[in-house]
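Reading through the structure tokens given below for one structure.
2 protein chains.
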Amino acid sequence: MKILIGTNNAHKVREVRQILETELTGKFDLLTPADVFDEEIDVEETGLTLDKNAFLKADEFFSKSGIPCFADDTGLEINALHGHPGVRSARFAGEDCDDAANRKKALDLLKDVPDSDRSAQFRTVICFKDGTDTLYVHGVCPGKIIKEERGGEGFGYDSIFVPEGYEQTFAQMSAELKNKLSHRGKAVAKLVKILKDY
Amino acid sequence: MKILIGTNNAHKVREVRQILETELTGKFDLLTPADVFDEEIDVEETGLTLDKNAFLKADEFFSKSGIPCFADDTGLEINALHGHPGVRSARFAGEDCDDAANRKKALDLLKDVPDSDRSAQFRTVICFKDGTDTLYVHGVCPGKIIKEERGGEGFGYDSIFVPEGYEQTFAQMSAELKNKLSHRGKAVAKLVKILKDY
Chain A
1 MKILIGTNNA HKVREVRQIL ETELTGKFDL LTPADVFDEE IDVEETGLTL
51 DKNAFLKADE FFSKSGIPCF ADDTGLEINA LHGHPGVRSA RFAGEDCDDA
101 ANRKKALDLL KDVPDSDRSA QFRTVICFKD GTDTLYVHGV CPGKIIKEER
151 GGEGFGYDSI FVPEGYEQTF AQMSAELKNK LSHRGKAVAK LVKILKDY
Chain B
1 MKILIGTNNA HKVREVRQIL ETELTGKFDL LTPADVFDEE IDVEETGLTL
51 DKNAFLKADE FFSKSGIPCF ADDTGLEINA LHGHPGVRSA RFAGEDCDDA
101 ANRKKALDLL KDVPDSDRSA QFRTVICFKD GTDTLYVHGV CPGKIIKEER
151 GGEGFGYDSI FVPEGYEQTF AQMSAELKNK LSHRGKAVAK LVKILKDY
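If you're matching them up, the sequences are chains A and B in order.
1 is the number of the first residue of the first sequence in this note's numbering; add one for each residue after it.
1 is the number of the first residue of the second sequence in this note's numbering; add one for each residue after it.
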């Protein structure tokens with residue numbers, strides 16, 4: 001089954017590829033936008049929820065390609081910040097800011113917050129869309145925000161997030177371990193389960 | 001797995017029960033609103049699309065019960081009427097009108113339309129919702145609108161709709177045959193396929 005991943009984010013493509021390979025080798029022929037389009041498709045993420053933004057991306061890439069498509073949107077919900085940055089995680093420090101600026105803003109805001117109140121969760125919503133159906137699956141990974149960055153793997157907020165039950169940040173883990181625990185790993189695994197008999 | 005069907009329509013409950021029994025006996029413990037609530041839950045179908053109305057119902061019944069829930073919304077799309085009545089199928093002849101009035105309106109509007117231009121399709125969208133995920137599946141049944149009602153089974157527009165490849169209307173068929181061909185049967189079967197490994 002041909003399936004297009006609706007993202008221009010190379011980190012996400014790599015991660016999803018790793019997860020799919022572990023889960024179900026050979027079942028899906030995973031295409032990226034670069035395999036399908038001559039020009040980069042840029043989808044404005046104007047939704048107020050992860051579901052909506054995941055839909056906007058899946059819908060646009062499906063409409064333009066006709067290939068069953070899935071796209072994710074992911075947010076870090078910090079409980080001491082009432083769930084922020086959430087849907088604005090990628091642009092927390094401003095439009096077009098980079099991951100480092102976003103992490104810095106989170107750490108600054110949590111500067112005086114004690115260890116006991118630094119819980120957070122990553123949430124991924126994947127939207128899958130083909131000619132008929134639209135499926136949304138969620139994956140959640142609970143954990144906490146530490147006080148200083150640790151580790152060089154991963155991307156986004158990985159270096160300041162320690163998943164529940166572990167001491168390492170996502171950025172200190174092997175891709176294999178991160179994918180097993182992570183929000184995105186869980187959401188992709190659920191989607192695969194659904195699609196394998198589809 | 002306990003699963004609640006989010007409808008007060010006894011015809012739909014009966015049909016879904018028949019389909020689930022054929023598909024996967026014993027896997028689902030299908031509950032109806034009467035099994036769960038003391039009072040009737042009435043959801044206003046204010047959506048402009050089948051997807052939206054199916055969501056409104058699934059969401060309301062899930063929120064109030066905490067039980068994984070699915071609800072359908074179904075429309076008859078008559079091509080000579082540019083896809084109408086579609087999402088307004090149940091209230092085509094006016095709010096609180098009955099099935100007979102809706103059928104009469106459709107037949108009246110198609111009075112002078114020749115056989116060759118009376119194609120139509122039934123479309124069902126089922127929305128499934130639990131604490132994390134939201135799944136929309138579609139089922140479509142192509143066919144045509146005949147000139148006079150035939151048959152006493154079924155409900156809604158069944159007695160004026162002949163599915164492609166058949167001579168009988170849905171209202172002249174056994175429940176078993178209708179469920180095999182029908183929009184709702186296809187959508188439920190797809191949902192079952194997804195949920196059985198869920």
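Backbone N, C-alpha and C define an ideal beta-carbon position, used for all residues, glycine too.
In this text, all values refer to a predicted model and were calculated from it rather than measured experimentally.
In chain order, ALA80 place their CB closer than 6 Å to the CB of B:VAL113, counting only its own chain and leaving out the 5 sequence neighbours on each side. DSSP lists B:ARG123 as the beta-bridge partner residues of B:VAL140. In chain A, no part has a C-beta under 7 Å from the C-beta of B:LEU48; the shortest such distance is about 16 Å. Under the three-state reduction of DSSP output, A:GLY47 falls in the coil class, being neither helix nor strand.
Here A:LEU48 is exposed: its Cβ has fewer than 16 other Cβ atoms, across all protein chains shown, within 10 Å.
Judged by beta-carbon spacing, A:PHE161 lies within the 9 Å limit of A:ALA120, meaning their Cβ atoms are closer than that value.
The residue from B:ARG91, B:SER159, B:GLY75, B:LEU31 with its alpha-carbon nearest to that of B:PHE62 is B:LEU31. In the structure shown, the three-state DSSP call for B:LEU31 is strand. By the beta-carbon neighbour count (other beta carbons within 10 angstroms, threshold 16), B:GLU77 is buried.
Here B:ARG118 is not near B:LEU109, since their CB atoms are 9 Å or more apart.
For B:ALA189, no beta strand (DSSP E) run applies; the uninterrupted alpha helix (DSSP H) run containing it begins and ends at 183-195, by DSSP. Sequence-distant Cβ neighbours of A:ALA93 in its own chain, meaning closer than 8 Å and more than five residues away, are ALA101, ASN102, LYS104, LYS105.
Within 10 angstroms of the beta-carbon of A:GLU15 lie 16 or more other beta-carbons, which makes it buried. Around the Cβ of B:GLY66, a 10 Å sphere holds fewer than 16 other Cβ atoms; the residue is exposed. Within chain B, the residues whose beta carbon sits less than 7 Å from that of A:LYS193 are ASP197, listed in sequence order. Against chain A, a Cβ distance below 8 Å from B:VAL43 picks out nothing, because the smallest value is about 20 Å. Residues LYS129 of the same chain have their beta carbon placed closer than 7 Å to that of B:ASP59, with the five preceding and five following residues left out of the count.
At least one CB of chain A lies nearer than 9 Å to the CB of B:TYR136.
In this structure A:ASP73 is buried. Its beta-carbon is surrounded by 16 or more other beta-carbon atoms within 10 angstroms.
Between the region 164-171 of chain A and the region 37-52 of chain B there are fewer than three inter-stretch CB-CB distances shorter than 8 Å, so the stretches are not counted as touching. In the three-state reduction of the DSSP assignment, A:ILE146 falls in the coil class, being assigned neither a helical nor a strand state. By the C-beta criterion, the region 123-140 of chain B is judged not to be in contact with the region 149-157 of chain B, since fewer than 3 inter-stretch pairs fall below 8 Å. By the CB criterion at 9 Å, A:LYS2 and A:PRO68 fall inside the cutoff. For A:LYS111, there is no enclosing beta strand (DSSP E), as DSSP gives it neither H nor E.
Residues of the region 102-132 of chain B with a C-beta atom less than 8 Å from some C-beta of chain A are THR132, listed in chain order. B:LEU20 places its beta carbon less than 9 Å from that of B:VAL192.
Per DSSP, A:GLU40 lies in no beta strand (DSSP E) segment and is marked neither H nor E. Using a Cβ distance threshold of 9 Å, A:GLY185 and A:LYS178 count as a contacting pair. No Cβ-Cβ contact shorter than 9 Å links B:LYS144 with B:GLU167.
About 11 Å separates the beta carbon of A:CYS97 from that of A:ARG88, a gap too long to meet the 8 Å contact definition. With fewer than 16 neighbouring CB atoms inside 10 Å of its own CB, B:THR46 falls in the exposed class. In the DSSP assignment, A:ALA71 falls within the unbroken beta strand (DSSP E) covering 69-78. For A:THR7 against A:LYS52, the beta-carbon gap comes to about 16 Å, at or over 8 Å, which does not count as contact.
Rounded to whole angstroms, the separation of the alpha carbons of A:LYS147 and B:LEU4 is 45 Å.
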